[in-house]
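Colleague:
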Amino acid sequence: MADEDEEIKTITEYGEGWEAELTRQGKETPPPWAVKFFEAIYAALSRAFEVLWVFFFRRLLERLLDLGKWLRFWSEKGENELWSAAFNSLKEGGVLAPELVERLLRLQNIPAPLGSALNILLLMNFLKEYVSSLGTVSFAPMVQRLNKEYRPNLPDPSAMVKASFVAPEMTGVAREVLKKHGLTDEHIDMMYIASYALTDIQSVMQLYMRKEIDKEKMYERMRELGFTDTRTDEMLKLTQVIPPIQDIITMLAKEAFEPDQVALYGLEDEFPTEQAEWLEKQGLSEFWQKKYWAAHWTYPGPGQVLEMLHRGLLSEHEVSEYYRVVEMPPYWREKLMQISFHPYTRVDTRRMHGMGVLTDEEIVKAYLEQGYDQEHAEKMAEFTIRYNSDERVKITRAQIVKAYRNTMVSRDEAKELLRSIKISNDVAEWYLMSADFDEQLDLQDLYVAAAKDRYIDNLWDDPTTRAALMKLNLSGARIEALMERWSTMRRADSKLPSKTDLDKFLKAKIINTDTYRLEMYRLGYPFNYTDWYLKLNQGVK
């Protein structure tokens, strides 16, 4: 840096006494900063001429010398060879890219003089661009040094406006910079207005839907964005939300567009009106709000619907409508209705066949409906027929025995009937003996019951009752047990005189003191209480 200052001083110095000479001529001595400024310019120009000579004119001279060689070569070899050599030389010198040279050489067969003129124009244009680029590169260090030292450039006007928004206290500085760009105050104000951030379309529409701004303010905001009122009206239509296709299909499936079904099932009942305000702010109209509400309900399951059918709460038509509502294809509705009722169970089938309600052919169908295949259904039917045949035999035997006990048939007739249903003679005899025994037990029970009633009602005394029981061939122990039990029942039912009556009987000397004590005891009085009552009645103090 010291060398540069020394160089500048040597170049710009007038010689010794130059300041005195200026004074003698009546000229004012320039200030130090002016001297340094002009010295810097002089030094920069000197260096620029030096660079221009070294890097520009020297290379230009070299290219001109090459051009002379091309001209001499042209005079010897011809025009095509000349241009080939020229462009190849520029390629070797790094002026032109190899790919560009290859394309340019394809033009050398254009007939003269058009080919020559074209080649000269191309060559001059390339040399011009090369010299311009070379000059830019050569002068770049000098320009950069001057920019660094004097800083003549101004900030971008748009950047200054943005800086004012970020730091409002710098607005005055920013406006001064804008004036240095040649802008008037009016133009600066317009730049500020143009730089203000505007509310985007979506935000404007949302503010309007949420009623944060009125319609007039909404139109004003849209005009700021460049929309006419007509186009704003068109944009306003887009704020109304239309549900997506899948939601609309769901609404169709849930009967939301069928007024009759909506009324029948109450699909719009209990609509939460307090939520409508918030949905409208999202752009959803009341029409679509109610469609969404109608489609949100959950329907009962098929099992629950069939249970309601079985209990008589729904008709078959209503169940069919249910299948339609839950989107069951028509093909399956009637078939589902047919299987909605329970088939006969195996036990029901067997019993109904045994009672003659179902025929042999009908029980095969019943087993098929229960899920058996044809083979298994037929075997189940055969089993049922055989099983019920055995049941009929048992019932017939019981009927025969009952008829015998009721003396509807004689003993011999009963035995013959039993043998007719394949019961052996010994077994038939045992059945009849058992019936006789049961009959005797029933008769004995009737006689015992009659004796009991007579004894308890005091129609028979003990000896008479015992004699009647002995005639029934009862054991002595059984007779004693019956008499003991009946005596207890008889005493429980007997009426006893009250205490008042006993007191009167004692005073009238109808009973003595011993009888009085016994009867009081039977009434439930303890002996000590009885003695107290005796003393009271006899006047003992």
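Position 107 of the sequence shown, counted from 1, bears residue number 149 in the numbering used here, the numbering being contiguous throughout.
Think of the CB as a built atom: it goes at the ideal place given N, C-alpha and C, for glycine as much as any other residue.
Keep in mind the model is a prediction, meaning the values are calculated, not measured.
#1: Name the residue from Lys541, Thr557, Lys577 and Pro183 whose alpha carbon lies nearest to the alpha carbon of Leu565.
#2: Taking Glu561 as the reference, give the member of Lys549, Asp545 and Ala550 with the closest Cα.
#3: State the start and end residues of the unbroken alpha helix (DSSP H) segment that holds Arg217.
#4: Let me check understanding here. Comparing Cα to Cα, which of Lys513, Leu576, Thr438 and Val406 lies closest to Thr387?
#5: May I have the straight-line CA-CA distance separating Thr292 from Gln282, to the nearest angstrom?
#6: Would you tell me roughly how many angstroms separate the C-alpha atoms of Tyr261 and Ala236, rounded to the nearest one?
#7: Are the segment 332–349 and the segment 306–323 touching by the rule of at least three beta carbon pairs closer than 8 Å?
#8: DSSP three-state label for His359, please.
#9: Along the alpha helix (DSSP H) that carries Asn500, what are the first and last residues, could you check?
#10: Note down the Cα distance separating Ser117 from Ala128, rounded to an integer number of angstroms.
#11: Which residues in the same chain have their Cβ closer than 7 Å to the Cβ of Ala295, if we skip the five residues on either side of it in sequence?
#12: Mind the definition here: the segment 246–264 touches the segment 224–238 only if three or more C-beta pairs lie below 8 Å; say whether that holds.
#13: Going by DSSP, what residue range makes up the alpha helix (DSSP H) through Ala456?
#14: Look at the Cβ atom of Ala445, then the Cβ atom of Leu460, and state whether they are nearer than 8 Å.
#15: Between which two residues does the alpha helix (DSSP H) harbouring Leu576 extend?
#16: In the DSSP assignment, find the alpha helix (DSSP H) that holds Met232 and state where it starts and stops.
#17: His359 to Pro301, Cα distance in whole Å?
#18: Could you check what DSSP says for Asn302 in three-state terms: helix, strand or coil?
#19: Tell me which residue opens and which closes the alpha helix (DSSP H) that His395 is part of.
#20: In angstroms with no decimal places, state the Cα-to-Cα distance between Val143 and Lys170.
#21: May I have the straight-line CA-CA distance separating Ala493 from Ser431, to the nearest angstrom?
#22: How big is the Cα-Cα spacing for Leu348 and Met379?
#23: Pick out the complete alpha helix (DSSP H) segments inside the segment 236–269, 4 residues or longer, and give them in chain order.
#24: Pop quiz: Leu576 and Tyr563 are said to be a contact at Cβ under 8 Å. What is the actual Cβ separation, rounded to whole angstroms?
#25: Look at the alpha carbon of Ser174 and the alpha carbon of Leu165, and state the distance between them as a whole number of angstroms.
Modeller: Let's see:
#1: Indexing the sequence shown from 1 puts residue 565 at position 523. Closest option to Leu565, Cα to Cα, is Lys541.
#2: Looking up residue 561 in the sequence shown gives position 519. The residue with the shortest Cα to Cα distance from Glu561 is Asp545.
#3: For this step, residue 217 is matched to residue 175 along the sequence shown. Its alpha helix (DSSP H) spans residues Thr213 to Lys222.
#4: Counting from 1 along the sequence shown, the entry for residue 387 is found at position 345. Checked all of Lys513, Leu576, Thr438 and Val406; the closest Cα to Thr387 is Val406.
#5: Position 250 of the sequence shown, counted from the start, is the residue given in the question as residue 292. Position 240 of the sequence shown, counted from the start, is the residue given in the question as residue 282. In a straight line, the C-alpha of Thr292 is about 20 Å away from that of Gln282.
#6: Here residue 261 refers to the residue found at position 219 when the sequence shown is read from its first residue. Here residue 236 refers to the residue found at position 194 when the sequence shown is read from its first residue. The straight-line gap from Cα to Cα measures roughly 19 Å.
#7: Under the 8 Å Cβ criterion, the segment 332–349 counts as touching the segment 306–323, having at least three qualifying pairs.
#8: As a first step, residue 359 must be located in the sequence shown, where it is residue number 317. Note: His359 maps to helix in three-state DSSP.
#9: Locating residue 500 in the sequence shown gives position 458, counting from the first residue. From DSSP, Asn500 is part of no alpha helix (DSSP H); its letter is neither H nor E.
#10: As a first step, residue 117 is located in the sequence shown; it is residue number 75 there, counting from the start. As a first step, residue 128 is located in the sequence shown; it is residue number 86 there, counting from the start. Low local confidence applies: a pLDDT of 48 at Ser117 is under 50, so the model's placement there is unreliable, and no value is given.
#11: Position 253 of the sequence shown, counted from the start, is the residue given in the question as residue 295. Answer for Ala295: Glu369, listed in chain order.
#12: Contact fails: fewer than three Cβ-Cβ distances are below 8 Å.
#13: Here residue 456 refers to the residue found at position 414 when the sequence shown is read from its first residue. Unbroken alpha helix (DSSP H) run through Ala456: Arg453 to Ser462.
#14: Here residue 445 refers to the residue found at position 403 when the sequence shown is read from its first residue. Here residue 460 refers to the residue found at position 418 when the sequence shown is read from its first residue. It is not a contact, given that the beta carbons lie outside the stated cut-off.
#15: Here residue 576 corresponds to residue number 534 of the sequence shown, with the count starting at 1. From DSSP, the alpha helix (DSSP H) with Leu576 extends over Phe569 to Gln580.
#16: In the sequence shown, counting from the first residue as 1, residue 232 sits at position 190. Met232 -> alpha helix (DSSP H) spans Asp227 to Ser237.
#17: In the sequence shown, the residue the question calls residue 359 occupies position 317. In the sequence shown, the residue the question calls residue 301 occupies position 259. Whole-angstrom Cα-Cα distance: 19 Å.
#18: Here the question's residue 302 lines up with position 260 in the sequence shown. The question names Asn, but residue 302 is Asp in the sequence shown. Under the three-state reduction of DSSP output, Asp302 falls in the helix class.
#19: To locate residue 395, count along the sequence shown from 1; it is residue 353. Arg388 to Gly396 is the extent of the alpha helix (DSSP H) around His395.
#20: Along the sequence shown, one-based indexing puts residue 143 at 101. Along the sequence shown, one-based indexing puts residue 170 at 128. So the two alpha carbons sit approximately 17 Å from each other.
#21: What you label residue 493 is simply residue 451 of the sequence shown in a count that begins at 1. What you label residue 431 is simply residue 389 of the sequence shown in a count that begins at 1. Going by the C-alpha atoms only, they are around 46 Å apart.
#22: Translated into the one-based positions of the sequence shown, residue 348 becomes position 306. Translated into the one-based positions of the sequence shown, residue 379 becomes position 337. Their Cα atoms are separated by approximately 9 Å.
#23: 243–251 and 257–266
#24: Position 534 of the sequence shown, counted from the first residue, corresponds to residue 576. Position 521 of the sequence shown, counted from the first residue, corresponds to residue 563. Actually they are not in contact, since the Cβ atoms of Leu576 and Tyr563 sit about 13 Å apart, beyond 8 Å.
#25: Along the sequence shown, read from residue 1 onward, the residue named residue 174 stands at position 132. Along the sequence shown, read from residue 1 onward, the residue named residue 165 stands at position 123. About 14 Å.
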